[in-house]
Amino acid sequence: MTTANNSTDNTPANRPLTRPARRMVIGLVLLALGFYVGFILMAAFGR
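What follows is the structure, encoded as structure tokens:
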């Protein structure tokens with residue numbers, strides 16, 4: 001019973017923490033991709 005209670009308490013506590021972390025990771029990935037694409041475009045236009 002105690003283990004079940006701990007698991008239920010951990011799930012909601014972990015959920016909100018994972019949500020913003022996921023959002024930040026996605027944002028960082030998009031930012032990196034944007035810089036990468038921009039660099040390629042600049043190099044292509046430069047040539």
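So in the numbering used here, spot 28 of the sequence shown is number 28, and the numbers just go up one at a time. In this text, a Cβ means the ideal position worked out from N, Cα and C, and glycines have one as well.
- Taking the CA atoms as reference points, residue 32 sits about 11 Å from residue 39.
- For residue 47, the three-state secondary structure derived from DSSP is coil.
- CA-CA distance, residue 45 to residue 36, rounds to 14 Å.
- Note on geometry: alpha-carbon atoms of residue 20 and residue 34 lie some 21 Å from one another.
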